[in-house]
Amino acid sequence: MGENKSSISRARSYKELSEFWDSHGLSEYWDRLQPAEFEVDIQSEASYFPLEASLSAELRSIARKRGVSPEVLLNLWVQEKVRKVTK
59 MGENKSSISR ARSYKELSEF WDSHGLSEYW DRLQPAEFEV DIQSEASYFP LEASLSAELR
119 SIARKRGVSP EVLLNLWVQE KVRKVTK
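In my numbering, each number is its position in the sequence shown, counted from 1, plus 58.
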């Protein structure tokens, strides 16, 4: 686990850390917590569109043969088509 980053549990391993929090509640230590600030940069957003069952089956078959997920294959195809249409 490297350096001790858990001042509350004094854990020296992930196992000790999980055992500590399995038997303690966060509310017991609320007054000892420090505010945390961080940014979240979401790169993509999922949108769902209906697809005919037979077309979905073909897509899955082609994706499997190419060794990629159906989502990746569909995204690549849509990107290609959008580029052609917007030229």
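Heads up, the beta-carbon is just placed ideally off N, CA and C, and yes, glycines get one too.
{"Asked": "Mapping DSSP to helix, strand and coil, what is Ile120?", "Found": "helix"}
{"Asked": "Tell me whether the beta-carbon of Leu132 lies closer than 9 Å to the beta-carbon of Leu117.", "Found": "yes"}
{"Asked": "In the DSSP assignment, find the unbroken alpha helix (DSSP H) run with Tyr72 in it and report its ends.", "Found": "72 to 81"}
{"Asked": "Measure from the alpha carbon of Tyr106 to the alpha carbon of each residue in Glu129, Glu95, Pro93, then state which is nearest.", "Found": "Glu129"}
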